[in-house]
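Below is one structure, written out as structure tokens; the observations come after it.
Numbering (UniProt numbering), first residue to last: 1 to 299.
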């Protein structure tokens with residue numbers, strides 16, 4: 001893995017809960033640098049994208065989207081910085097922040113790949129549009145936006161839409177999918193392994209199948225890891241918890257398999273909210289998971 005470029009994306013306006021903007025620094029303070037030093041990893045921390053969360057509390061009357069202009073501006077800043085990191089030969093490790101940040105992160109990564117693949121490790125599909133969303137929260141639309149579906153202010157980040165192809169996406173761990181999302185997922189032919197299918201098939205098989213599938217059709221894979229993919233008993237500090245999630249053990253194993261594949265070219269860990277956490281355990285668990293992706297082992 002190349003030298004790491006670390007970037008915090010402290011956005012909380014893509015969803016209704018305060019505190020997701022504190023996620024990047026909570027992850028840093030939970031031992032991230034210690035893990036990197038133990039791995040002898042070379043890294044540069046660029047700090048946080050400057051996002052104006054406090055100025056955003058707007059609903060676009062024409063679309064019912066919440067904080068549309070502010071999320072679009074944050075996405076543009078994020079995309080440009082991520083692209084610069086890759087130009088410098090760095091592996092972008094992105095710390096969130098709510099999952100609307102993926103609009104910018106994937107836009108930035110995609111600038112450097114012809115056929116970018118995405119593993120969306122999440123309890124939710126985030127495949128709503130302004131027409132299907134029951135809430136208007138943009139963090140539930142970020143994957144759809146990257147497929148060119150949604151408001152032009154979001155899909156046109158870095159003047160290139162769509163960013164990824166439907167056949168280059170795999171969702172793992174989903175167990176809360178809105179009815180409108182189900183229809184769009186079927187229409188677009190998105191490959192999904194629900195939490196039930198992961199339990200039934202086993203995480204090793206799911207990850208190996210996913211890697212084989214994406215390697216055959218992509219030139220790089222971005223990992224978008226939402227901590228609510230895990231069961232909330234392990235990660236209480238997240239805004240949209242869903243019971244029946246993946247375990248810590250199988251998620252560590254999944255990340256180790258991804259590390260061994262050498263196919264992951266960028267990664268983000270999102271939806272850490274210290275205001276909802278208990279003794280910072282979600283941030284600490286996120287650091288441990290990052291360690292597994294970067295090659296940390298038991299022995």
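All C-beta atoms, glycine included, are put in the ideal place defined by N, C-alpha and C. These numbers come from a predicted model, not from an experiment.
Judged by their CB atoms, residue 122 and residue 174 are nearer to each other than the 8 angstroms cut-off. Non-local C-beta neighbours of residue 226 in its own chain, meaning closer than 6 angstroms and more than five positions away in sequence, comprise 99, 122, 270, 271, ordered along the chain. As DSSP reads the structure, residue 172 sits in a beta bridge with 121, 193.
If you look at residue 267, you'll find it isn't in any alpha helix (DSSP H); it sits in the beta strand (DSSP E) that goes 264–270. Classified as exposed, residue 217 has fewer than 16 neighbouring CB atoms from the shown chains inside 10 Å of its CB. Remark: C-beta atoms of residue 19 and residue 273 approach each other more closely than 8 angstroms. Ranked by Cα distance from residue 139, the first of 125, 148, 152 is 125.
Under the three-pair Cβ rule at 8 angstroms, the region 164–179 counts as touching the region 195–208.
C-alpha of residue 251 to C-alpha of residue 259: approximately 12 angstroms in a straight line. With respect to the 8 angstroms criterion, residue 234 and residue 279 are not classified as neighbours on the basis of their beta carbons. Residue 94: not part of any alpha helix (DSSP H); member of the beta strand (DSSP E) spanning 91–96, first to last residue. About 16 angstroms separates the Cβ atoms of residue 214 and residue 255, ruling out a contact at the 8 angstroms cut-off.
In terms of Cβ geometry, residue 22 and residue 136 do not form a close pair [threshold 8 angstroms]. By the Cβ-count criterion, residue 81 is buried, with 16 or more other Cβ atoms from all chains shown falling within 10 Å of its own Cβ. Contact between the region 69–87 and the region 158–168 is present, with at least three C-beta pairs closer than 8 angstroms. For a cut-off of 8 angstroms, the C-beta gap from residue 265 to residue 176 is around 28 angstroms, too long to register as a contact. A direct Cα-Cα distance of roughly 20 angstroms separates residue 95 from residue 117. The C-beta of residue 298 has fewer than 16 other C-beta atoms within 10 Å across all chains shown, which makes the residue exposed. Counting C-beta atoms within 10 angstroms of its own C-beta, residue 152 has fewer than 16 neighbours from the protein chains shown and is therefore classed as exposed. By the CB criterion at 8 angstroms, residue 257 and residue 221 fall outside the cutoff.
In this structure, residue 146 lies away from residue 90, with their beta-carbon atoms at least 8 angstroms apart.
Pairing residue 282 with residue 240 gives a Cβ-Cβ distance that is not under 8 angstroms. For residue 43, the secondary structure class from DSSP, reduced to helix, strand or coil, is strand.
In this structure, 50 is the residue among 50, 85, 54, 276 with its C-alpha nearest to the C-alpha of residue 9. DSSP places residue 66 in the strand class (E or B) of the three-state scheme. Following the DSSP letters along the chain, one finds residue 23 inside the alpha helix (DSSP H) bounded by residues 23–27. Separation of residue 204 and residue 248 (C-alpha to C-alpha, rounded to the nearest whole angstrom) is 14 angstroms. The Cβ atoms of residue 119 and residue 164 lie no closer than 8 angstroms to each other. Taking 8 angstroms as the cut-off, the beta carbon of residue 141 is found no closer than this to the beta carbon of residue 268. Across the structure, residue 67 and residue 154 are spaced so that their CA atoms are roughly 11 angstroms apart.
For residue 63, the closest alpha carbon among the candidates 44, 211, 133 is that of 133.
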